[in-house]
Amino acid sequence: MKACRVCKAIVRGKKEGKEPLKCWNCGSTDLTKHFSGIIIILSEDSLIAKKLDLKPGEWAVEIND
Ligand SMILES: [Zn+2]
């Protein structure tokens, strides 16, 4: 599991044990393993999603490198 440095989306490999190659959200290949936590958005209507302006999905709290 990695995080996108461009948009902070959490990117998972399609197969177990395989590293992801690119971001599902913005298509960037600039991914990092170094992030500090995950925000999970289930609904676009959630207050956090609106406040942070995020789509449903998993997002890194902070990129550390
Ligand atoms: Zn991205």
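Okay, so the sequence shown: first residue is 184 according to the numbering used here, each after it adds one. Using N, Cα and C, we set each Cβ at its ideal position, and we do this for glycine too.
- Under the 10 Å beta carbon count, cysteine 187 is surrounded by 16 or more other beta carbons and is classified as buried.
- Taking 8 Å as the upper bound for CB-CB distance, valine 194 and tryptophan 207 are in contact here, some 6 Å apart.
- Proximity annotation: ligand 1 has residues Cys187, Val189, Cys190, Ala192, Cys206, Asn208, Cys209, Ser211 in chain order, each selected because its CB is closer than 5 Å to a heavy atom of the ligand.
- Just so you know, the alpha carbons of glutamate 245 and leucine 214 end up roughly 13 Å apart.
- Sixteen is the threshold: when 16 or more other Cβ atoms of the shown chains lie within 10 Å of the Cβ of leucine 237, as they do, the residue is buried.
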